[in-house]
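**Q**
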Amino acid sequence: MALNIFFTLRKGLLFGSLLCVFGLIVSACKDPEITTPDSPVSERWDTITNYSGLIIPETGVLNINVNYEFGGEPIVFNTKTYINAAKDSFNVREIKHYFSNVTLVNHLGKTIHLNNYHLMDASNQNTSQIAIANVPPGNYKSVSVLLGVDSIRNHSGLQEGALDPAWSMFWTWNTGYIFFRINGLTTWGEAYTFDIGGDKHAPYNLMDLNTFKVKSKNPTLNLALDINEMYQNPEVYSFKSDGLSIQKILKQAIHMLMMLRPMS
Amino acid sequence: MVLGWSSFPIPSDNPLTIAGVELGKKLFFDPILSVNNSQSCGSCHQQISSFSDNRRYSMGALGDVGVRQAMPLFNLAWADKYNLTNHKYFWDGGATDLERQVIGPIINPIEMANPDVFSVIERLQKHSEYPNLFRRAFGSDSITTVKLAKAIAQFERSLISANSNFDKAERRERLRTESERNGFIIYSTEKGDCFHCHGNAGSPFFTDFKFHNNGLEAMPKDSGLMRVTGRAEDFGLMKTPTLRNLSFTAPYMHDGRFATLMEVIEFYNSGTKNSPTVDPMISKNFHKGGLNLTPVEKIDLLNFLLSLNDSSFVGLK
Chain A
53 MALNIFFTLR KGLLFGSLLC VFGLIVSACK DPEITTPDSP VSERWDTITN YSGLIIPETG
113 VLNINVNYEF GGEPIVFNTK TYINAAKDSF NVREIKHYFS NVTLVNHLGK TIHLNNYHLM
173 DASNQNTSQI AIANVPPGNY KSVSVLLGVD SIRNHSGLQE GALDPAWSMF WTWNTGYIFF
233 RINGLTTWGE AYTFDIGGDK HAPYNLMDLN TFKVKSKNPT LNLALDINEM YQNPEVYSFK
293 SDGLSIQKIL KQAIHMLMML RPMS
Chain B
118 MVLGWSSFPI PSDNPLTIAG VELGKKLFFD PILSVNNSQS CGSCHQQISS FSDNRRYSMG
178 ALGDVGVRQA MPLFNLAWAD KYNLTNHKYF WDGGATDLER QVIGPIINPI EMANPDVFSV
238 IERLQKHSEY PNLFRRAFGS DSITTVKLAK AIAQFERSLI SANSNFDKAE RRERLRTESE
298 RNGFIIYSTE KGDCFHCHGN AGSPFFTDFK FHNNGLEAMP KDSGLMRVTG RAEDFGLMKT
358 PTLRNLSFTA PYMHDGRFAT LMEVIEFYNS GTKNSPTVDP MISKNFHKGG LNLTPVEKID
418 LLNFLLSLND SSFVGLK
């Protein structure tokens with residue numbers, strides 16, 4: 053330890069001396085520049101080898117793929133029958149949801165908002181694989197996602213792009229967006245639809261990146277969204293006894309979406 | 118304050134332009150907005166009814182009938198200014214702002230019944246005139262949901278009604294009749310107690326832009342504001358409607374249950390009912406059986422209310 057410090061000091065002195073020699077020729081010798089807390093620290097992320105989390109060495113692109121699963125298996129739409137913990141059997145026709153406010157937290161605890169708004173349609177890979185550009189360099193320890201729309205955008209005016217009400221993820225005669233929609237048909241022929249929304253129901257997912265050891269200018273986060281959790285975490289939900297009561301599903305949906313996990 | 122263009126609050130995200138209001142007016146009266154080209158906004162918001170509907174419940178493009186009375190449209194810009202909540206428009210506050218309100222009827226299955234907004238935009242984009250009109254109003258002939266809603270909202274905000282006998286009296290252009298004057302006193306004192314919710318000369322909108330349970334029913338059938346907020350204390354609360362242009366906006370209340378203004382006055386005089394969310398301004402008179410207005414006082418109050426009619430606004434002389 054002591055040796056290390058000494059070595060650093062020596063290196064600093066040597067560097068300083070060299071500057072002085074050069075400086076004398078031009079004008080006068082100046083003190084080496086002192087980094088103030090206000091000036092940006094340019095850390096050479098690409099030289100660090102012993103790290104945890106996600107390192108983006110220079111301004112890059114964050115790719116995010118959402119994989120839709122049921123009990124750990126990829127969802128097959130329409131044709132496959134799924135059975136939940138309550139022994140209900142049903143298929144899945146459609147899963148659509150908002151995916152917004154991706155936020156990174158770096159090793160100093162600083163939060164970087166990427167300000168994205170995406171509408172994902174599980175049956176269309178083009179919408180569930182997104183790329184967010186202009187991500188600042190840094191060593192990131194966690195990432196959070198809102199599977200919905202933040203309360204500000206949810207209540208103010210009309211917007212273009214993913215938040216265009218024309219996408220039919222907007223409630224008529226109500227305040228705001230449908231954050232998450234799933235529908236399908238039970239094997240006894242009953243159609244079901246869950247439309248989840250409302251500020252207090254916006255599922256916010258914080259994911260730890262410490263075990264995610266990746267260094268890349270274009271990293272990819274593979275996330276999993278397990279529909280089965282909606283029907284069993286923490287309570288067992290039954291189509292037959294709970295009916296299509298939205299209240300229980302609203303609580304459960306947050307747990308389903310907590311299953312989103314980073315996979316390298 | 119003077120109600121009119123001098124006090125008009127211009128929305129920063131949708132300032133009115135001549136081209137925008139003209140486009141909005143054309144859209145408002147064009148049945149192209151409904152799924153089968155059968156009805157426009159103006160079908161249920163008719164000028165002669167102060168942009169309301171004289172039917173108790175309006176009928177949609179596919180013949181479906183709604184459950185609430187169409188609200189009149191005028192002096193809407195001030196609701197943006199004086200209601201700072203997320204519940205500004207419609208009986209139950211189900212629209213956060215005028216632009217969003219515009220989208221509601223277009224895609225509601227029992228109103229204009231379009232499956233989505235894209236199909237409406239496609240029709241407008243293929244139209245011989247609309248792309249050009251959108252370019253004049255918004256600088257580009259590419260039509261979007263936002264531009265569609267902004268144009269109609271601009272037209273709706275341009276509907277200002279401020280030329281009633283009441284306004285003329287306030288401007289010293291006429292004298293109030295004796296009955297009107299007596300009615301005004303009943304209106305703006307505890308005797309009639311209308312002013313707490315409907316405003317007074319200092320706030321000449323004749324609505325407080327808020328929501329109340331006025332005691333229509335002991336067990337309200339319509340959950341009102343609670344449908345939108347989910348809060349139990351909002352059960353049965355409805356938006357305070359403006360009292361301007363009452364002669365043109367019958368029938369009355371959110372469900373159009375009263376055909377005449379005299380029925381409405383009699384309801385407040387003796388018919389209000391208790392329920393857990395009833396407004397304190399209503400319940401405070403329960404102990405004495407209501408307002409106890411005399412027949413002459415009721416006529417005076419009626420005459421004051423009639424002085425809020427602006428016949429030039431509905432196209433009459």
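Chains as they are written, first to last, in my numbering: chain A, 53 to 316; chain B, 118 to 434. A virtual CB, placed ideally from N, CA and C, is assigned to each residue, including glycine. Note that this is a predicted model, so its numbers are computed, not measured.
Under 7 Å Cβ-Cβ, which residues of chain B neighbour glutamate 317 of chain A?
**A** Summary: the structure shown does not reach residue 317 of chain A, with chain A confined to residues 53 through 316, and so no result is reported for it.
**Q** Give a yes or no on whether the C-beta atoms belonging to glutamate 216 of chain B and lysine 267 of chain B are separated by under 8 Å.
**A** Residue numbering aside, residue 216 of chain B sits at position 99 when the second sequence is read from its first letter. Residue numbering aside, residue 267 of chain B sits at position 150 when the second sequence is read from its first letter. Their beta carbons are under 8 Å apart, which means glutamate 216 of chain B touches lysine 267 of chain B by this criterion.
**Q** Using a Cβ cut-off of 7 Å, pull out every chain A residue sitting near asparagine 200 of chain B, in sequence order please.
**A** By 1-based counting over the second sequence, the position of residue 200 of chain B is 83. The contacting residues do not exist; asparagine 200 of chain B stays about 13 Å from chain A at best.
**Q** If the cut-off is 9 Å on Cβ atoms, which residues from the stretch 180 to 205 of chain B count as contacting chain A, listed in chain order?
**A** Asn203 and His204
**Q** Buried or exposed: where does glutamate 297 of chain B fall if 16 or more other Cβ atoms within 10 Å of its Cβ makes it buried?
**A** Counted from its first residue, the second sequence places residue 297 of chain B at position 180. Glutamate 297 of chain B is buried by the Cβ-count criterion.
**Q** Would you identify the three-state DSSP class for proline 132 of chain B, choosing helix, strand or coil?
**A** For the purposes of this step, residue 132 of chain B is taken as residue 15 along the second sequence, with counting starting at 1. Under the three-state reduction of DSSP, proline 132 of chain B is assigned to coil, being neither helix nor strand.
**Q** By the three-class DSSP mapping on this structure, what secondary structure does glutamine 304 of chain A have?
**A** For the purposes of this step, residue 304 of chain A is taken as residue 252 along the first sequence, with counting starting at 1. The answer is helix: DSSP assigns glutamine 304 of chain A an H, G or I state.
**Q** Three Cβ pairs or more, each shorter than 8 Å: is that satisfied between the stretch 135 to 151 of chain B and the stretch 272 to 284 of chain B?
**A** Short answer: they touch.
**Q** Quick one: is arginine 217 of chain B near chain A, going by C-beta distance under 8 Å?
**A** Walking along the second sequence from the start, residue 217 of chain B turns up at place 100. True, the Cβ-Cβ gap to chain A drops below 8 Å.
**Q** If you drop the 5 nearest sequence neighbours on each side, which residues of the same chain put their C-beta closer than 7 Å to that of arginine 253 of chain B?
**A** Within the second sequence, residue 253 of chain B is the residue found at index 136, counting from 1. Around arginine 253 of chain B: Ala136.
**Q** Does DSSP classify phenylalanine 255 of chain B as helix, strand or coil?
**A** Mapped onto the second sequence, residue 255 of chain B falls at position 138. DSSP places phenylalanine 255 of chain B in helix when its eight states are reduced to three.
**Q** So, for asparagine 262 of chain A: in the same chain, excluding its five sequence neighbours on each side, which residues have a beta-carbon less than 7 Å away from its beta-carbon?
**A** For the purposes of this step, residue 262 of chain A is identified with residue 210 of the first sequence, where counting begins at 1. Counting only Cβ-Cβ distances below 7 Å, and skipping sequence neighbours, we find Ser104, Gly105 and Lys193.
**Q** Using a Cβ-Cβ cutoff of 9 Å, what residues of the stretch 331 to 351 of chain B are near chain A? List them in chain order.
**A** With the criterion set as a beta carbon lying under 9 Å from some beta carbon of chain A, the members of the stretch 331 to 351 of chain B are Arg344, Val345, Thr346 and Gly347, in sequence order.
**Q** Could you tell me whether the Cβ of proline 255 of chain A comes closer than 8 Å to any Cβ of chain B?
**A** Within the first sequence, numbered from 1, the residue matching residue 255 of chain A stands at position 203. Chain B, which has no Cβ nearer than 8 Å to the Cβ of proline 255 of chain A, makes this no.
**Q** For aspartate 278 of chain A, write down the residues that DSSP places opposite it in a beta bridge.
**A** Reading the first sequence from its first residue, position 226 is the one you call residue 278 of chain A. Aspartate 278 of chain A is bridged to A/Glu121.
**Q** In angstroms, rounded to a whole number, what distance separates the CA positions of phenylalanine 264 of chain A and histidine 159 of chain A?
**A** Here the question's residue 264 of chain A lines up with position 212 in the first sequence. Here the question's residue 159 of chain A lines up with position 107 in the first sequence. Spanning the two alpha carbons is a distance of roughly 13 Å.
**Q** If you compare alpha carbons, which of B/Gly407, B/Gly159, B/Ile149 and B/Glu287 is closest to glutamate 383 of chain B?
**A** The residue labelled residue 383 of chain B in the question sits at position 266 within the second sequence. Minimum Cα distance to glutamate 383 of chain B is reached at B/Gly407.
**Q** Whole angstroms is fine: what's the gap from serine 290 of chain A's alpha carbon to phenylalanine 231 of chain A's?
**A** As a working mapping, residue 290 of chain A is identified with position 238 in the first sequence. As a working mapping, residue 231 of chain A is identified with position 179 in the first sequence. When rounded, the distance between both Cα atoms is 22 Å.
**Q** Going along chain A, which residues have a C-beta under 7 Å from alanine 266 of chain B?
**A** Against the second sequence, residue 266 of chain B aligns to sequence position 149. Within chain A, the residues near alanine 266 of chain B are Leu210.
**Q** Return yes when the Cβ of glycine 200 of chain A is within less than 8 Å of the Cβ of proline 255 of chain A, no when it is not.
**A** Your numbering for residue 255 of chain A matches position 203 in the first sequence. Your numbering for residue 200 of chain A matches position 148 in the first sequence. Result yes, Cβ atoms of proline 255 of chain A and glycine 200 of chain A sit closer than 8 Å.
**Q** Assign histidine 170 of chain A to one of three DSSP states: helix, strand, or coil.
**A** By one-based count along the first sequence, residue 170 of chain A stands at place 118. Strand.
**Q** For glutamine 284 of chain A, I'd like the list of residues in its chain whose CB is within less than 6 Å of its CB, leaving aside the five on either flank, ordered along the chain.
**A** Taking the first residue of the first sequence as 1, we reach residue 284 of chain A at position 232. Taken in chain order, the residues that qualify are Ala137.
**Q** Cβ atoms of isoleucine 224 of chain B and leucine 150 of chain B: under 8 Å apart, would you say?
**A** Working through the second sequence from its first residue, we reach residue 150 of chain B at position 33. Working through the second sequence from its first residue, we reach residue 224 of chain B at position 107. No.
**Q** Can you list, in chain order, the residues of its chain whose CB lies under 6 Å from that of proline 92 of chain A, leaving out five sequence neighbours each side?
**A** Translated into the one-based positions of the first sequence, residue 92 of chain A becomes position 40. Here the model assigns proline 92 of chain A a pLDDT of 46, short of 50, so the residue's position is not dependable, and the following value carries that caveat. Within the same chain, proline 92 of chain A has no close Cβ partners at all.
**Q** Give a yes or no on whether 8 Å exceeds the smallest Cβ distance from aspartate 247 of chain A to chain B.
**A** The residue given as residue 247 of chain A occupies position 195 in the first sequence. No, its Cβ sits nowhere closer than 8 Å to a Cβ of chain B.
**Q** Any Cβ of chain A within less than 8 Å of the Cβ of isoleucine 220 of chain B?
**A** Taking the second sequence and counting its residues from 1, one reaches residue 220 of chain B at position 103. Chain A contact via Cβ: present.
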